[in-house]
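First up is the structure itself, then whatever we jot down about it.
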Amino acid sequence: MPVKVDVSKQETLTGRRVYLRPFDRDDLPYIQKWSNDAELRRLIGEVAPMSRAETEKWYEDLLADKDRTWFVIVLKRGDRVVGEAGLLRMFRPWRSTDMTIIVGEKDAWGKGYGTEVGHLLLDYAFRRLGFHRVSIGVVGFNKRALKFWRSLGFKKEGVERDAHYYDNEYSNGIMMSILEDEFRKAHKDAAGKKSGVSKSCVLKM
57 MPVKVDVSKQ ETLTGRRVYL RPFDRDDLPY IQKWSNDAEL RRLIGEVAPM SRAETEKWYE
117 DLLADKDRTW FVIVLKRGDR VVGEAGLLRM FRPWRSTDMT IIVGEKDAWG KGYGTEVGHL
177 LLDYAFRRLG FHRVSIGVVG FNKRALKFWR SLGFKKEGVE RDAHYYDNEY SNGIMMSILE
237 DEFRKAHKDA AGKKSGVSKS CVLKM
């Protein structure tokens, strides 16, 4: 099955409580706000906050990058933006891509939004775009994030020793992935359950 990716024709992905709409320039203040949150940066493995000029440059790079597609996470109730999510480093010949999710607004943590976003984005990657493999990287001490990705069906592939450095301390990077057949099985199993929505968490490649 060939990968069907045209990042110039992004669409909105709609779930039960959230939807993912294509990122645009008006969303840049959110990126700058979240990058200036020291706790958030530590959890996702980023080193320094971004200035307005740096967020503008990030957006220009995003527009020019044909191997990346980006969304903002919006709550249906109140149309409130609470995070960002996307696919990046899309390598079509191998049908492989990386994935990222950040729930940046802290009062939206622990409410299951991240799980809903994860299902929407994985469904988009596997069923709509035709990818075979989706991978992510997690800062090793972020146990909540590791539990979250496992709940979506991701499996640990390996460890990048001392891959992250923050506040004078090294941390390992944990590499994880999910394949299309694993997603289909997990999706089918989840559909047969009456409950079981995991808590949301903060994550990013």
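Going by the working numbering, the first residue of the sequence shown is number 57, and it counts up by one from there.
All C-beta atoms, glycine included, are put in the ideal place defined by N, C-alpha and C.
Note that this is a predicted model, so its numbers are computed, not measured.
Got a sec, what are the start and stop residues for the alpha helix (DSSP H) residue 95 sits in?
-> 94-100
Starting from residue 154, follow its DSSP beta bridges and name the residues at the other end.
-> 144, 191
Check whether the Cβ of residue 203 lies closer than 6 Å to any heavy atom of the ligand FMN, and answer yes or no.
-> As presented, the structure is devoid of all ligands, the ligand FMN included, so that no description of it is given.
Candidates 175, 142, 97, 116: closest to residue 77 by CA position = 142
Could you please give the first and the last residue of the uninterrupted beta strand (DSSP E) stretch that includes residue 78?
-> 74-78
Return the CA-CA distance between residue 131 and residue 217, expressed in angstroms with no decimal places.
-> 37 Å
In the structure shown, what three-state DSSP assignment does residue 210 receive?
-> coil
Quick one: Cα of residue 147 to Cα of residue 113, how far?
-> 23 Å
Cα-Cα, which of 161, 211, 213, 169 is closest to residue 96?
-> 161
Going by DSSP, name the residue or residues bridged to residue 126.
-> 142
With respect to the beta strand (DSSP E) encompassing residue 235, which residues constitute its N-terminal and C-terminal limits?
-> 225-235
Using the DSSP secondary-structure output, state which residues sit across from residue 175 in a beta bridge.
-> Note: residue 175 sits in no beta bridge, so no partner.
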